[in-house]
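Asker: Encoded as structure tokens, here's the structure I'll be asking about.
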Amino acid sequence: MDFSRISRRHLLQGGAALALGGTIGARAAHAAETTIGFIYVGSRDDYGYNQAHAQGAAALKKLPGIKVVEEEKVPETDAVEKTMESMINLDGSTLLFPTSFGYFNPHMIKIANKYPKIRFEHCGGLWTEKDPKNAGSYFGYIDEAQFISGIVAGYSTKSGKLGFVAAKPIPQVLRNINAFTLGAKLANPKATTQVIFTGDWSMPVKEAEATNSLIDQGVDVLTCHVDGPKTMVENAARRGAFVCGYHVNQSPLAPKAYLTGAEWNWEALYPKFLKMITSGESIPNFYRGGLKEEIVKCSPYGEAVSAEARKHADEMKAKLIAGEYTIFKGPILDNKGKTVIASGVDRGQKDPELEKMDYLIEGVIGATS
Amino acid sequence: MADSSIGLWTVPLAVLGGAIRVSTPFLFVSLGECITERSGRINLGLEGTLVMGAMSAYGISYLTGSPWLGVLAAGITGALLGALHAGICSLPRVNDVAVGIALMLFGIGLAFFLGKPLIEPTAPRLPAIDFGWWSDIPQVRAALRINVLFLIGVAIAPILYWAFKTTRWGLLIRTAGESSDAARAMGHSVLLIRLRATMVGGFLAGIGGSFLSLFYPGSWNEGLSSGQGITAVALVIFARWDPLLCLWASLAFGGAAALGPALQSVGVTSGYHLFNAAPYILTLAIMIITCSPKRTLTGAPAELSITR
């Protein structure tokens, strides 16, 4: 084709046809289905945090009339704003899940102010009254599931030494370590949890070294709080130790060594959010819960878990769901001997004091700094 | 309660075990880079080669069921990336440092792209040889489960040292690195020597990557290398372009990586960020001690663009 022959009129006609076709196409898509956007900070099949969210997205995909658009490995920078804008303007998304902690401020707030008709749901619990009303936070009390893992670990250990590979000493991580230890002590009062901080969320070589060092110290059940538990699970299983998982079910990686694990249950929560929207009620801006609200769950028990452990763990799970048990119940000492929760004080699930946790309880070997 | 703990002995043992477990990628990348730099070219892209090697080894091991084929594939991938670097650098007025950085980003990006479906499956791993059979202590046995690649790396270092000193091709590489005019006067193509040296360097770096994904930590994921390739390139300068010193430096870096977790496991909990930074502090200290404003770095090939 000779391009010099195309006249200006041809070009204009072509352009108009394209523009018209474009708008019609977009409108048709809008009428047919609701588009939901998911943004992940890492890879969505990492056996960890991002995979948990991707499983939630997959649950939405199955629903009729729902289209899910996803983007992985979006850094916590301006890049996420561009992703959100393109999901809104090009894909026609009306509900967005920017799942990583660092997306919230300033990126999601900025975009939420710019697009007041779009709904934003952020995982992490950062939303306050000052933030836009079309944005919200949701998060789970996963320490409840860690507490159950701790009970199972307490029954399964022979040495009485448990290990915890942790990323950073921030309140959420400390709360998991402490809940895990409290569960273990319920099963075996002499049990201790040794913690190693690797310093960052994804450090495979350090996590492997931490796992090996813990096992060298006699630890025989390990769990972790890092972005991708795969390294810990595989390396611990190779050395013959048991593991409790985190984020998602890692039992396919080590079927014999896997006891149970603390998992997110986003595949139950996200369809609930959608139902709230379609039925016209608004999603609460601040949405939290634990086992009872089906925001977290425990992995099915592995074959190595004894009947006694299963029974005790199931009992405690039932009590937590019924709201009859408080994990952080005074008196609780920290591992330096100071009272952190006084006798007679019940710090229930929703107690804001627990969100400021900066100590490791008695029975944990390690330090926060 | 059965107490199988060995107390404070964990620390030296973990450092020894860590030196063996963690050092192998450092060793292969630094030996490879040593060959490349001795020929007068610097390849900063080895971080990308390492990651590509890790990905291709894992992929091939998963698809064929043979980890050794994976190692070979990693080596070939590395050699191809080396050839690409050498090919671009042989064009006139091309800066090898800039090309290296571009290839590092290219290698990492390509590996993440192609490695996407490999994050979930579990590939067959390389076997380990049990050198701890004489001990009853499980910790010692675990530390002495040594991979063949480590032994090969340890063997390559003295061979390379000897080859640089006494063989014909060792002399050719050094000539190309010290004075390209002299090499040309002898009737050799400097570009061809550098092409081969960069390919061999890439081959070794690729194998270093296969160790990461097929032995320790032993699976493919995107944070796998966490900068080990770049550290290994710096390590060559630190080791003064001497293969034997590369071996010791790699062992020191591997041991240092194990220090932080090991100290925490025996209860030294303060300042773990500092212990984690130990290898880098060591590098800085040695750089400061050995540098001099009066001369270029001892042992540096004269044709290297960073010394020219």
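From first to last, the protein sequence lines stand for chains C and H.
Residue 43 is where the first sequence starts when you use the numbering used here, and the numbers rise one by one after that.
Residue 8 is where the second sequence starts when you use the numbering used here, and the numbers rise one by one after that.
Built from N, CA and C at the ideal position, the CB exists for glycine as well.
All figures in this text were calculated on a predicted structure; none of them were measured in a lab.
So which residues on chain H does L132/C lean against when the C-beta distance must stay under 7 angstroms?
Answerer: Along the first sequence, one-based indexing puts residue 132/C at 90. Those within 7 angstroms of L132/C in chain H number zero; the least Cβ separation is about 22 angstroms.
Asker: What residue from A355/C, A384/C, M274/C and N377/C has the CA that sits closest to D88/C's CA?
Answerer: Along the first sequence, one-based indexing puts residue 88/C at 46. When only C-alpha atoms are compared, the closest one is M274/C.
Asker: Could you name the residues of chain D that G274/H contacts, counting a contact when the two beta carbons are closer than 9 angstroms?
Answerer: Protein chains C and H are contained in the structure displayed, whereas chain D is not.
Asker: Per DSSP, which one or two residues make a beta bridge with S135/C?
Answerer: Taking the first residue of the first sequence as position 1, residue 135/C is located at position 93. According to DSSP, which records beta bridges pairwise, S135/C is partnered with T77/C.
Asker: Are any of the Cβ atoms in chain C nearer than 9 angstroms to that of I126/H?
Answerer: What you label residue 126/H is simply residue 119 of the second sequence in a count that begins at 1. By this cut-off, I126/H is an interface position.
Asker: Which residues in the same chain have their Cβ closer than 8 angstroms to the Cβ of G241/C, if we skip the five residues on either side of it in sequence?
Answerer: The residue labelled residue 241/C in the question sits at position 199 within the first sequence. The residues are A209, K210 and K248.
Asker: I'd like to check one pair, V194/C with A229/C: are the Cβ atoms closer than 9 angstroms?
Answerer: Counted from its first residue, the first sequence places residue 229/C at position 187. Counted from its first residue, the first sequence places residue 194/C at position 152. Yes, the pair counts as a contact, with Cβ atoms nearer than the cut-off.
Asker: Within the stretch 344 to 400 of chain C, note down every full alpha helix (DSSP H) run reaching 4 residues or more, in order along the chain.
Answerer: Taking only runs of at least 4 residues, the alpha helix (DSSP H) segments lying wholly in the stretch 344 to 400 of chain C are 349 to 364.
Asker: Using 8 angstroms as the threshold, is the stretch 79 to 95 of chain H in touch with the stretch 230 to 240 of chain H, meaning 3 or more CB pairs across them?
Answerer: Cβ pair count under 8 angstroms is below three, so no.
Asker: Return the first residue and the last residue of the beta strand (DSSP E) that L204/C is part of.
Answerer: Position 162 of the first sequence, counting from 1, holds the residue named residue 204/C. Residues K203 to A208.
Asker: Examine chain C for any beta-carbon lying closer than 9 angstroms to the beta-carbon of V29/H, and answer yes or no.
Answerer: Counting from one through the second sequence, the residue named residue 29/H turns up at place 22. Output row for V29/H: interface = yes.
Asker: Per DSSP, what kind of secondary structure is C340/C in: helix, strand or coil?
Answerer: Here the question's residue 340/C lines up with position 298 in the first sequence. Strand at C340/C.
Asker: Counting along the chain, where does the beta strand (DSSP E) carrying R152/H start and finish?
Answerer: Your numbering for residue 152/H matches position 145 in the second sequence. Taken as a continuous stretch (DSSP letters only), the beta strand (DSSP E) holding R152/H covers R152 to N154.
Asker: Please confirm if S293/C has its CB atom under 9 angstroms from at least one CB of chain H.
Answerer: Counting from 1 along the first sequence, the entry for residue 293/C is found at position 251. With 9 angstroms as the cut-off, S293/C does not count as an interface residue toward chain H.
Asker: What would DSSP say about A118/H, mapped onto helix, strand or coil?
Answerer: Locating residue 118/H in the second sequence gives position 111, counting from the first residue. Helix.
Asker: Using DSSP with H/G/I as helix, E/B as strand and the rest coil, what is M43/C?
Answerer: The residue labelled residue 43/C in the question sits at position 1 within the first sequence. Residue placement at M43/C cannot be trusted, given a pLDDT of 45 that sits under 50; what the coordinates show is reported in the next sentence. Reduced to three states, the DSSP call for M43/C is coil.
Asker: Put Q429/C into one of helix, strand or coil per three-state DSSP.
Answerer: This structure cannot settle anything about residue 429/C, because the visible part of chain C is limited to 43 through 411.
Asker: For Y180/C, count neighbouring C-beta atoms within 10 Å of its own C-beta (all shown protein chains included) and say buried if the count is 16 or more, exposed if not.
Answerer: Within the first sequence, the letter at position 138 stands for residue 180/C. Classification for Y180/C: buried.
Asker: Give the residues of chain H in contact with D88/C, contact being defined as C-beta atoms less than 7 angstroms apart.
Answerer: Position 46 of the first sequence, counted from the start, is the residue given in the question as residue 88/C. In chain order: I126 and N228.
Asker: Which one of L121/H, G278/H and L23/H has the shortest CA to CA distance from A150/H?
Answerer: On the second sequence, position 143 is the one that residue 150/H refers to. Looking at the Cα atoms, L23/H is the closest of the given residues.
Asker: For F120/H, is the classification buried or exposed, using 16 other Cβ atoms within 10 angstroms of its Cβ as the cut-off for buried?
Answerer: To locate residue 120/H, count along the second sequence from 1; it is residue 113. Exposed.
Asker: Which residues in chain C have a C-beta closer than 8 angstroms to the C-beta of P224/H? List them in chain order.
Answerer: To locate residue 224/H, count along the second sequence from 1; it is residue 217. Result: P246, V247, E249, A250, T273, E276 and N277.
Asker: Helix, strand or coil: which one does DSSP assign to R281/C?
Answerer: Here the question's residue 281/C lines up with position 239 in the first sequence. Coil, per DSSP.
Asker: Let me check understanding here. Comparing Cα to Cα, which of Y288/C, A279/C and P373/C lies closest to K298/C?
Answerer: Here residue 298/C is taken as the residue at index 256 of the first sequence, counted from 1. When each option's Cα is compared against that of K298/C, the closest is A279/C.
Asker: For the beta strand (DSSP E) holding T234/C, just list the boundary residues, first then last.
Answerer: One-based indexing of the first sequence puts residue 234/C at position 192. Start and end: T234 to F239.
Asker: Against chain C, which members of the stretch 132 to 165 of chain H pass a CB distance test of less than 7 angstroms?
Answerer: Cβ contacts with chain C: Q146 and A149.
Asker: Please state the DSSP three-state secondary structure of P140/C.
Answerer: As a working note, residue 140/C is residue 98 in the first sequence. In the structure shown, P140/C sits in a strand (DSSP, three-state: E or B).
Asker: Using a Cβ-Cβ distance under 9 angstroms, would F119/H count as near chain C?
Answerer: The residue labelled residue 119/H in the question sits at position 112 within the second sequence. Chain C contact via Cβ: present.
Asker: I'd like to confirm the pairing. Which residues does DSSP put opposite A177/C in its beta bridges?
Answerer: Counting from 1 along the first sequence, the entry for residue 177/C is found at position 135. Note: A177/C sits in a beta bridge opposite F162/C.
Asker: Can you give the Cα-Cα distance for L198/H and G216/H, rounded to whole angstroms?
Answerer: The residue you call residue 198/H lines up with position 191 of the second sequence. The residue you call residue 216/H lines up with position 209 of the second sequence. If you take the alpha carbons of L198/H and G216/H, they lie about 26 angstroms apart.
Asker: Given V215/C, which residues of its chain have a CB within under 7 angstroms of its CB, disregarding the five upstream and five downstream residues?
Answerer: Counted from its first residue, the first sequence places residue 215/C at position 173. Taken in chain order, the residues that qualify are A208, A209 and H267.
Asker: Could you tell me whether any non-hydrogen atom of the ligand FMN is closer than 8 angstroms to the CB of L179/H?
Answerer: This structure does not include the ligand FMN; it has no bound ligands of any sort.
Asker: Locate the beta strand (DSSP E) running through G331/C, then write down its first and last residues.
Answerer: One-based indexing of the first sequence puts residue 331/C at position 289. Unbroken beta strand (DSSP E) run through G331/C: F328 to G331.
Asker: Mind checking if G236/H is an interface residue toward chain C, Cβ cutoff 9 angstroms exclusive?
Answerer: Taking the first residue of the second sequence as position 1, residue 236/H is located at position 229. For G236/H, the answer is no, since every Cβ of chain C falls outside 9 angstroms of its Cβ.
Asker: Helix, strand or coil, according to DSSP, for W306/C in the structure here?
Answerer: In the first sequence, counting from the first residue as 1, residue 306/C sits at position 264. Strand, per DSSP.
Asker: Does DSSP put E112/C in a helix, a strand or coil?
Answerer: Mapped onto the first sequence, residue 112/C falls at position 70. Three-state DSSP puts E112/C in a strand.
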